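Numbering (the working numbering), first residue to last: 831 to 961. Virtual Cβ for every residue (Gly too), placed ideally from N, Cα, C. Computed from a predicted model, the values in this text were never measured in an experiment.
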């Protein structure tokens with residue numbers, strides 16, 4: 831699963847910019863939602879901001895790797911029309927990936943959260959990213 835996230839991100843020019851974010855699952859207490867998942871986060875910078883087209887390219891890359899969209903992606907916009915959040919939910923092989931883009935501070939952040947569906951189910955429906 832880690833390879834799917836990392837190679838998909840690398841294919842669209844994203845790098846893991848917050849290694850601690852990826853490690854939080856390795857150190858997670860058993861029986862917690864964090865113990866069920868794998869995370870990836872890339873933060874834009876002033877010189878290399880992240881944007882919606884980059885997030886869309888990442889979602890396309892995942893789909894090319896046989897990840898199926900579980901529902902239509904959602905985008906939220908400011909009154910000005912600028913997208914500040916986009917979320918796609920994809921599924922494959924008993925895993926759910928939430929691909930998230932946020933831009934509240936001009937540089938953008940893209941995260942991928944992959945959750946083992948069986949592990950999440952054991953914790954109860956309240957733990958699911960899809961509710």
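{"query": "Counting only runs of 3+ residues fully inside the region 880-959, write out the beta strand (DSSP E) ranges in chain order.", "result": "904-907, 913-922, 925-932, 939-946"}
{"query": "Considering just the uninterrupted stretch of the beta strand (DSSP E) at residue 872, what are its terminal residues?", "result": "867-873"}
{"query": "Mind the definition here: the region 889-901 touches the region 861-879 only if three or more C-beta pairs lie below 8 Å; say whether that holds.", "result": "no"}
{"query": "Report yes or no: do three or more beta-carbon pairs, one from the region 840-849 and one from the region 926-935, lie closer than 8 Å?", "result": "no"}
{"query": "Taking the alpha helix (DSSP H) that residue 860 falls in, what are its first and last residues?", "result": "Segment: none, residue 860 is in no alpha helix (DSSP H) and carries neither H nor E."}
{"query": "For residue 846, name the three-state secondary structure that DSSP assigns.", "result": "coil"}
{"query": "Helix, strand or coil for residue 838, going by three-state DSSP, please let me know.", "result": "helix"}
{"query": "If you check the beta carbons only, do residue 794 and residue 876 fall under 8 Å apart?", "result": "There is no way to answer for residue 794, as the model of the chain reaches only from 831 to 961."}
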